[in-house]
Amino acid sequence: MIEMLGLVAQYSNLSPIGIDWWIILGGWVPGFLGLALAFVIWARSRRDDDE
Amino acid sequence: MSDLMDSALYIVVIVFYMVALAAVGWLGKKKVSSISDWYVGGFKIGGVVMGVAFFATYFSAVLMIGFAGSASKWGMSATVIGMWHAVSAVIAFAVLAPSLSKAFRELNAMTFSEFLSLRYGSKTLRYASALIIAIFIIPYTVSAFIAMGSAISTIVGTPFWMGVLVAGAIIAVYVFSGGLFSATLAEFIQGIVMTIAVVAVWVFSYSLLGGFVQAHETMAAIDIRSVTFPAFGTNTWSVIIGLTAVMGFGMLAQPQMVLRYATISSRMNIKRALLIATFGSLLFPLAAYSYGALSRPILAKFGIDVMTLKDDLIVPLFVKTAFPPWLSVLFLAGIMCAATSTIDALIHMTAGTLTRDLVRPASKIMSDKTQLRMTKLISLILSLGCCIIAIYPPGLIYQLTAYTWQVLSSSFMGPLVMALFYRRANKYGALAGMVAGFASAQLWYLFLAPPATPIYPFFPGVAASLIVTYLVSRFTGPKQA
Numbered sequence: 001m002i003e004m005l006g007l008v009a010q011y012s013n014l015s016p017i018g019i020d021w022w023i024i025l026g027g028w029v030p031g032f033l034g035l036a037l038a039f040v041i042w043a044r045s046r047r048d049d050d051e
Numbered sequence: 052m053s054d055l056m057d058s059a060l061y062i063v064v065i066v067f068y069m070v071a072l073a074a075v076g077w078l079g080k081k082k083v084s085s086i087s088d089w090y091v092g093g094f095k096i097g098g099v100v101m102g103v104a105f106f107a108t109y110f111s112a113v114l115m116i117g118f119a120g121s122a123s124k125w126g127m128s129a130t131v132i133g134m135w136h137a138v139s140a141v142i143a144f145a146v147l148a149p150s151l152s153k154a155f156r157e158l159n160a161m162t163f164s165e166f167l168s169l170r171y172g173s174k175t176l177r178y179a180s181a182l183i184i185a186i187f188i189i190p191y192t193v194s195a196f197i198a199m200g201s202a203i204s205t206i207v208g209t210p211f212w213m214g215v216l217v218a219g220a221i222i223a224v225y226v227f228s229g230g231l232f233s234a235t236l237a238e239f240i241q242g243i244v245m246t247i248a249v250v251a252v253w254v255f256s257y258s259l260l261g262g263f264v265q266a267h268e269t270m271a272a273i274d275i276r277s278v279t280f281p282a283f284g285t286n287t288w289s290v291i292i293g294l295t296a297v298m299g300f301g302m303l304a305q306p307q308m309v310l311r312y313a314t315i316s317s318r319m320n321i322k323r324a325l326l327i328a329t330f331g332s333l334l335f336p337l338a339a340y341s342y343g344a345l346s347r348p349i350l351a352k353f354g355i356d357v358m359t360l361k362d363d364l365i366v367p368l369f370v371k372t373a374f375p376p377w378l379s380v381l382f383l384a385g386i387m388c389a390a391t392s393t394i395d396a397l398i399h400m401t402a403g404t405l406t407r408d409l410v411r412p413a414s415k416i417m418s419d420k421t422q423l424r425m426t427k428l429i430s431l432i433l434s435l436g437c438c439i440i441a442i443y444p445p446g447l448i449y450q451l452t453a454y455t456w457q458v459l460s461s462s463f464m465g466p467l468v469m470a471l472f473y474r475r476a477n478k479y480g481a482l483a484g485m486v487a488g489f490a491s492a493q494l495w496y497l498f499l500a501p502p503a504t505p506i507y508p509f510f511p512g513v514a515a516s517l518i519v520t521y522l523v524s525r526f527t528g529p530k531q532a
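Order-wise, the sequence lines are chains D and U. Read left to right, the first sequence gives residues 1 to 51 (the working numbering). Read left to right, the second sequence gives residues 52 to 532 (the working numbering).
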């Protein structure tokens, strides 16, 4: 973990988990947002069905 | 002795797999009583099965072996490609599927070409789209057989032709008997097995490197580029951006994928499929690209530098070098599932297209019963024919498959999207859009594709297809009052 902090200090675009922020913001965030959206659509359709 | 035990275990897995899929074929056969059952599952396939079948068709052994091998060199930035697949799945099920499944049902369309033909009222569109599918999907199917045969022969040590023939025989049996019913049921089982396999390898890879953050530390120590996004304009940058678009958004207009998200039984089932397909489309490629990237520091521990190896050889070597026997067997099962779940969709779709859109129109009278028999026969011939071509592949195969997805999405994106969202879209627009998309993708591929420029043929192809379909429809359609 200490080594990681050193790397983060050395490379400003590295996140604390050791992966570039560009990878997280450009790929992981859209992917998980997509999954969250799918969940919301599915949950709303279930609620509408119950009503 | 240990090698002998391993080989015996592999063979047991393969035999068990064959028996399970033969049972699926038998179950499917009982459900097929009409031509609609074989082609589109009678529009009765449920959301859970179709959700899993969707991502099982989407991701093949090429991702588990080829792209994961390339990710070994690209690093964690490859996961960006995979994460956008989840966004594409949302677009497929939340945006396209509701209108498309309604249109398929109302038109009683059973193939992608038939849908275009009936929506636009054009036989030319039917023949042209069916020809494009036949020309590009058959070599693509052959290349999927080649990928599977190579993986099996490397891991198990059996001859290449044996792996190909085993796969061909399994697929021929269950697609022949049950059409889309059997294919989606098999894909449901395959989707679960292949997901368990890649997730197991993903978790195992992180554990070998001491955990999530520690693994990234080790990667950074070997090469900082394996945890950073490539610099703008570099070759790796254009590959990552290009593949994100081609493999993600290009999927939406692939005929075999359209048949998965356009034939679900109800709106509620579309929502169920949306959730499952999005989850699978996020998890599977994230795991595959990640273990690919992690294989570099793991193989480095065994003194192997992946940068000196061919991409296709990295993952099989990773399996042989670093995996315990139980994980190798699970991974082999995953590869077989991933390969067959994609190939069966291609065989099913192509057999349907050849019979219904090319052969049937040529013969003046053909009863439904004869058509069903002929489609089944063509699916059998296709499965075995593709196997034989895979064993003796002509060089042209590799040239055609290199850009199959790009050509298909460039040709069909405009006509498909405009059919659903632009009421004035007409046959002239659809034909012009298909020709413009096809021609621009071809020309770009020949003269301007990477490395000449950093832009993949997909971008100009899809743009031309959408713009030309819209503009020609607008200027040739009836004037609005």
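Glycine included, C-beta positions come from ideal geometry on N, C-alpha and C.
- State buried or exposed for U/P529, treating a residue as buried only when at least 16 other CB atoms are found within 10 Å of its CB. exposed
- Message: Run through chain U and tell me which residues come within less than 7 Å of D/S45, C-beta to C-beta.
- Response: M319, K322
- Query: With contact counted as at least three CB pairs below 8 Å, one residue from each stretch, are the region 147–157 of chain U and the region 310–327 of chain U in contact?
  - Reply: yes
- Using only alpha-carbon positions, find the residue among U/L364, U/M199, U/P508, U/T269 that is nearest to U/A119. U/L364
- Could you tell me which of U/A487, U/P508, U/V523, U/L467 sits nearest to U/F163, measuring between CA atoms? U/L467
- If U/V215 and U/F196 are in contact, beta carbons under 8 Å, what's the gap, nearest whole angstrom? 5 Å
- Message: For U/V224, which residues in the same chain have their Cβ closer than 6 Å to its Cβ, ignoring the five residues on either side in sequence?
- Response: A73, G76
- Task: Can you check DSSP and say which residues form a bridge with D/D20?
- Result: D/L14
- Item | Per-residue DSSP class, three states only, for U/A518 | First, the amino acid is wrong: residue 518 of chain U is Ile here, not Ala. Looking at U/I518 - three-state DSSP - the assignment turns out to be helix.
- Item | Alpha-carbon to alpha-carbon, U/T393 and U/A532 | Only weak support exists for where U/A532 lies, its pLDDT of 45 falling under 50; the value from the coordinates is given anyway. C-alpha separation (whole angstroms): 48 Å.
- Message: Output needed for U/V141: all residues of its chain with C-beta closer than 6 Å, excluding positions within five of it in sequence on either side, in chain order.
- Response: T329
- Counting contacts by CB-CB distance shorter than 8 Å, is U/T329 in contact with chain D? yes
- Query: Does the beta-carbon of U/K352 have 16 or more other beta-carbons within 10 angstroms, so that it is buried, or is it exposed?
  - Reply: exposed
- Which residues of chain U have a Cβ atom closer than 7 Å to the Cβ of D/L5, listed in chain order? None at all; the shortest Cβ gap to chain U is about 10 Å.
- Could you give the distance in angstroms between the alpha-carbon of U/R347 and the alpha-carbon of U/I291? 18 Å
- Message: Which of the three DSSP states is assigned to U/I221 in this structure?
- Response: helix
- Backbone CA spacing between D/I17 and U/M270 [nearest angstrom]: 12 Å
- Helix, strand or coil for U/I186 per DSSP? helix
- Selected residue, minimal CA-CA separation from U/A304, among U/S460, U/G512, U/L147: U/S460
- Message: Using 8 Å for Cβ pairs, my map puts U/A129 next to U/A324. What's the rounded Cβ distance?
- Response: Going by Cβ atoms, the distance from U/A129 to U/A324 rounds to 27 Å, so no, they are not a contact pair.
- Task: Would you mind sorting U/T359 into buried or exposed? The rule is 16 or more other CB atoms within 10 Å of its CB.
- Result: exposed
- Message: My output table needs one value for U/I96: the three-state DSSP class, helix, strand or coil.
- Response: strand
- Query: Excluding sequence positions up to five away, which residues of its chain have a Cβ less than 7 Å from the Cβ of U/V513?
  - Reply: S460, S461, M464, G488
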